[in-house]
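Residue numbers (numbering that gives the first Met the number 0): 0 to 264. Backbone N, C-alpha and C define an ideal beta-carbon position, used for all residues, glycine too. Nothing here was measured: the structure is a model prediction, and the numbers come from that model. Presented below is the structure to which this report refers.
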Amino acid sequence: MEWEFNGEREKITTHVWPAEEPRWIALLAHGYGEHIGRYEHVADTLLRHGAVVYGPDHMGHGRSGGERVLVHDFEEVVTDLHTVEDRARTDHPGLPVVLIGHSMGGMIAARYAQRYGTGLTALVLSGPVLGRWGPIKMLLELEEIPDIPIDIATLSRDLPVGEAYAADPLVWHGPFKRATVEAFDRCMATISAAGRLGALPTLWVHGEADELVPLDATRGGIAEIRGEDLTEIIYPGARHEVFNETNKDEVLADVTGFIARHVES
Numbered sequence: 000m001e002w003e004f005n006g007e008r009e010k011i012t013t014h015v016w017p018a019e020e021p022r023w024i025a026l027l028a029h030g031y032g033e034h035i036g037r038y039e040h041v042a043d044t045l046l047r048h049g050a051v052v053y054g055p056d057h058m059g060h061g062r063s064g065g066e067r068v069l070v071h072d073f074e075e076v077v078t079d080l081h082t083v084e085d086r087a088r089t090d091h092p093g094l095p096v097v098l099i100g101h102s103m104g105g106m107i108a109a110r111y112a113q114r115y116g117t118g119l120t121a122l123v124l125s126g127p128v129l130g131r132w133g134p135i136k137m138l139l140e141l142e143e144i145p146d147i148p149i150d151i152a153t154l155s156r157d158l159p160v161g162e163a164y165a166a167d168p169l170v171w172h173g174p175f176k177r178a179t180v181e182a183f184d185r186c187m188a189t190i191s192a193a194g195r196l197g198a199l200p201t202l203w204v205h206g207e208a209d210e211l212v213p214l215d216a217t218r219g220g221i222a223e224i225r226g227e228d229l230t231e232i233i234y235p236g237a238r239h240e241v242f243n244e245t246n247k248d249e250v251l252a253d254v255t256g257f258i259a260r261h262v263e264s
């Protein structure tokens, strides 16, 4: 089911995967240029492990309003996500909340945890854009941002994943918008300066062969925000979308195992 609300700047469409007797709430934050519909199998796994799942299409993405992939300020995206959490808590009072973010969604989730982490039971960051992401610095230096299509082979070793991505009409296949690039840069700097995550249990998963968001660059960003309870899992040979990798069952088992230890303790 879907519901729509007036976000900070645009109408936001949120998908809800309902559960009859959920034990916890999962919030999903998707990555740049994609949409929450690509996380159907992730949501199904979370449902089987006791969650009710809420995931918005961020502004300018998927079925939400706004010019495609245009984000002026990621603080607004974080606030929109908090509106989703508020709705989830109204629908399911008293349940613990876990936030799961991938790539750009990992950046959004990290900033969310800095702003609203006291309300979270756990945080999962998948291939998060943190620290110093090379493409952003490179694009900021260009007078005109080129239209360079993503190499779909960098998404996953499971090649049909990239083929489906390329054929998906809800995925953005054009160039970055300059305002969005500038917003990325400001958000990463804000996260780096805003401090650590304290006692919030955090799981960081990343593909060792991730070329889109390289492991070493993210490691520096994780070091800047890591709190007292960080679990790190790096998957040898895996590329950017670990939830869509050839070992996705292993990844999702690691994620649900981590969550279970905290929502059921």
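In this chain, the alpha helix (DSSP H) harbouring Gly105 covers Met103 to Tyr115. The C-beta distance from Glu9 to Gly64 rounds to 4 Å, short enough to fall under 8 Å. Ala121: member of the beta strand (DSSP E) spanning Ala121 to Ser125, first to last residue. When secondary structure is reduced to three states using DSSP, Glu1 falls in the strand class. One alpha carbon belongs to Gly6, the other to Gly54, and they sit about 14 Å apart. For the 8 Å CB-CB criterion, Val170 and Glu33 form a contact.
Residue pairing from DSSP places Val96 in a beta bridge opposite Ile24. About 6 Å separates the beta carbons of Val180 and Leu139, which is inside the 8 Å limit, making them a contact pair. When C-alpha distances from Val254 are compared across Glu231, Phe4 and Arg238, the shortest belongs to Glu231.
Contact between Trp16 and Val262 does not hold, since their C-beta atoms are separated by about 17 Å, which reaches or exceeds 8 Å. The residue among Gly126, Glu227 and Phe73 with its C-alpha nearest the C-alpha of Arg195 is Glu227. His29 sits in coil when the DSSP states are folded into three classes, being neither helix nor strand.
Residue burial is scored here from C-beta neighbours: Gly173 has fewer than 16 other C-beta atoms within 10 angstroms and is therefore classed as exposed. Comparing alpha carbon positions, the residue from Ala188, Leu124 and Glu162 closest to Val250 is Leu124. The alpha-carbon separation between Pro213 and Thr120 amounts to approximately 28 Å. The continuous stretches of beta strand (DSSP E) do not include Gly256, which lies in the alpha helix (DSSP H) extending over residues Lys247 to Val262. Cβ-Cβ distances below 7 Å link Arg177 to Ile144 in the same chain, with the five nearest sequence neighbours on each side left out; the list follows chain order. Along the region 178 to 230, the alpha helix (DSSP H) occurs as fully enclosed runs of 4 or more residues at 214 to 224, listed in sequence order. Less than 8 Å separates the beta-carbon of Leu80 from that of Tyr111.
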